[in-house]
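One structure is given below, encoded as structure tokens.
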Amino acid sequence: MAVTGEVDVVILGAGINGAGLFRDLCAQGVSCLIVDKADFGSGTSAAPSRLIHGGLKYLETGEFGLVAQSTLERNLLLKNAPHYVSPLPTVIPIFSWSKGILAALRTLFGSTSAPRSRGAILIKIGLMIYDFYGSRNQIMPRHRMVGRRQALDEMPALNPAIVATGTYYDAKISHPERLVLELILDGLQANAASASANYTALVKSADGVLTFQPENGAVFSVRPKLVINAAGPWIDDVNDLLGAPSKMIGGTKGSHILLRHDELVRSLAGRMLYFEADDGRICLVYDYLGLALVGSTDIKADNPDEVRCEADEVEYLLDSVRTLLPGMAFERGQIVYAYSGIRPLPASDASVPGLISRDHSAPVAEPDRNRPFAVISLVGGKWTTFRGFAEEVADTVLGRLQRSRKVTTQAMPIGGGKDFPADAAARATWLALVHAETGAEERRLDELLSRYGTRATQIATFGPDDKGRLPDSESYSKSEIDYIVRSEFVEHLADIVMRRSTLAISGSLTGRDLQEIAAIAGRALGWSAGRLAEEVEAAAVELEGRNLMRLD
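Going by our numbering, the letters in the sequence shown line up with residues 742 to 1293, in that order.
Here it is as structure tokens:
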């Protein structure tokens, strides 16, 4: 990619916060360049619990404003990204009636130790407050609580020591990495003067000019009016390079594992269990693409380049579900995938990582004699609130550029969420219409609709034949992979299997699939035989080493 000249805004970092801001600014007519040193959405944004949630636990630390914003944004995402975001009934197992009230009050008023146990009274109060905050744009039921007998009737596998359960509704996201990509694609579609570049490193900042080196391409430079540092856990490193040194980030590591455990998935029946581990840390387990996703740890860490799920974290997560579900077996051999990321939280001296605020801020380094542009750093935040955070920062940017907002993103569909069928009847109508227009089988269209939203039409009509399948992951066609490679900024084989698709995280990827996908990518991108072999080896090493995946 060759970009030269002036641009209104450069966004450094294409995770969820950077991508959300890119889309918002592009919609306002602001020319933007968004750049990431790796792939879009490949850092922290690829390692969440895959929840879109209002932050029930933030009530405990008194962050009521964050809960209010989070519940609103959750409800908006259910409407704006219905192809990826869906309701998730959530069950809280409760082991006492009154524990935790005094400890919760101490935490609310600034204590640095979290409650070790939360009883039914405390949870009931919390769920009532949560329902109140979630009432704006509400589209899901309110909470309910049931006693031990009914709870065990509904979910017999629970530890019989429970006294009750509370059930409330949050949401889950099936394809977070693809949502990041769709935000960038939406931004590019909205503003022809904007551009994007992945695998592109900032190498120099001097005299008001930023110089970039793409991994595969020529050096280019731009002169921005304003710079956004959306580098997540790398924010301080990027600010040093920009000449605006900072100490803003004090991250924690969160690890997750995915288990092939059919008995557990059947028992969950579409619900999430949201529970306390023995140390008081909140954990969760729910059905993600037919696997049991278990998370997460919360450990202070500051090296995002070396992060991985370690053996002690695996045991911690397995032990947590063993205690909750004592009648089931949980072993390392059930793990088909693991992932870990650094939460880019604000620097904090809190002794308990879980008490570090998940709220966001956007501090500004004003221009100086060596740097004529301001730098706005996007600190903290959470997946659910990216749109609201982007709107706040976009308004700041517009004010500095002396421009006004043209459109709100509050009701703006994301990517394949545009015109997505709202219910089963509308879905059947959509499938029938697109079948009539394209000739594609309705069953296949239904599969693609779940995977890409209404962009499914583009995939179904791409190439001469959608019938050829991968050797083992037969729900993916070769034509579909070819479309991804040619249309979605793919640079490496890992981009396809880890972020543009769910092949890796779902545990369906095999060595034969990896070779076939590499061959398709190689033909589309002109890879030599040597490059193709390097891509296969690099992807296999990453999957087997960092993600604990066994490629058969």
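Note that CB positions come from ideal geometry on N, CA and C, so glycine has one too.
| Query | Result |
| --- | --- |
| Mapping the DSSP letters down to three states, classify M881 as helix, strand or coil. | coil |
| Given a threshold of 16 other Cβ atoms within 10 Å of its Cβ, counted over all protein chains shown, does F873 qualify as buried or as exposed? | exposed |
| DSSP state of P1045, grouped into three classes? | helix |
| Start and end of the beta strand (DSSP E) containing F1016? | 1013-1017 |
| Quick check on the DSSP output: the beta strand (DSSP E) that includes R1084 runs from which residue to which? | 1076-1084 |
| Helix, strand or coil: how does DSSP classify E814 here? | helix |
| Report yes or no: do the region 1148-1157 and the region 780-787 share at least 3 C-beta pairs separated by less than 8 Å? | no |
| If you draw a straight line from the C-alpha of A1298 to the C-alpha of V921, how long is it? | One cannot answer for residue 1298 here, as it falls past the ends of the chain, which runs 742 to 1293. |
| By Cβ distance, which residues of its chain are closer than 7 Å to V1048, with the 5 residues on each side in sequence left out? | K994, A1042, S1081, G1082, I1083 |
| Helix, strand or coil for V960, going by three-state DSSP, please let me know. | coil |
| Could you give the distance in angstroms between the alpha-carbon of A1260 and the alpha-carbon of G1036? | 35 Å |
| Which residue or residues does DSSP assign as beta-bridge partners of H1101? | G1121 |
| Determine, using beta carbons only, whether E956 and A942 come nearer to each other than 9 Å. | yes |
| Less than 9 Å between the beta carbons of L829 and A892, yes or no? | no |
| Specify the secondary structure class of R889 as computed by DSSP and reduced to three states. | helix |
| Give me the Cα-Cα distance between F1114 and E747, rounded to the nearest whole angstrom. | 12 Å |
| Between which residues of its own chain and P897 is the CB-CB distance below 6 Å, once the five residues before and five after are set aside? | none |
| With 16 as the cutoff for other CB atoms within 10 Å, does N758 come out buried or exposed? | buried |
| If you draw a straight line from the alpha carbon of A905 to that of P882, how long is it in whole angstroms? | 19 Å |
| Can you list, in chain order, the residues of its chain with a C-beta nearer than 7 Å to that of R1272? Leave out the 5 residues immediately preceding and following it. | none |
| Which residue or residues does DSSP assign as beta-bridge partners of Q954? | A942 |
| If A755 sits next to I925, beta carbons under 8 Å apart, how far is it from one beta carbon to the other, in whole angstroms? | 7 Å |
| For the ligand COA, I want to know if L1172 counts as a neighbour, meaning its beta carbon is within less than 8 Å of at least one of the ligand's heavy atoms. | This structure lacks the ligand COA, and indeed carries no ligand of any kind. |
| Based on Cα-Cα distance, which residue from L1250, V776, K778 lies nearest to L1284? | L1250 |
| Can we say the region 1018-1037 touches the region 994-1004, given the rule of at least three CB pairs closer than 8 Å? | yes |
| Would you mind sorting L1058 into buried or exposed? The rule is 16 or more other CB atoms within 10 Å of its CB. | buried |
| Give me the Cβ distance between A1166 and V1175, rounded to the nearest whole Å; I'm assuming they're in contact under 8 Å. | Between V1175 and A1166 the Cβ distance is about 15 Å, and since that is not below 8 Å, they are no contact. |
| What is the rounded straight-line gap between the Cα of L951 and the Cα of V750? | 11 Å |
| Measuring CA to CA, which of A1173, I862, L999, D1020 is closest to Y1078? | L999 |
| Less than 9 Å between CB atoms is the rule here; does G1194 satisfy it with respect to chain C? | In the structure shown, chain C cannot be found, because there is only a single protein chain. |
| Where do the N-terminal and C-terminal ends of the alpha helix (DSSP H) with L1009 fall, by residue? | 1003-1009 |
| Taking the DSSP output, what are the residues bridged to N980? | None; N980 has no bridge partner. |
| Within the continuous beta strand (DSSP E) that includes D749, where are the two ends? | 747-753 |
| Under three-state DSSP, which class holds L1302? | Past the boundaries of the shown model lies residue 1302; the chain is included only from 742 to 1293, so the question cannot be answered. |
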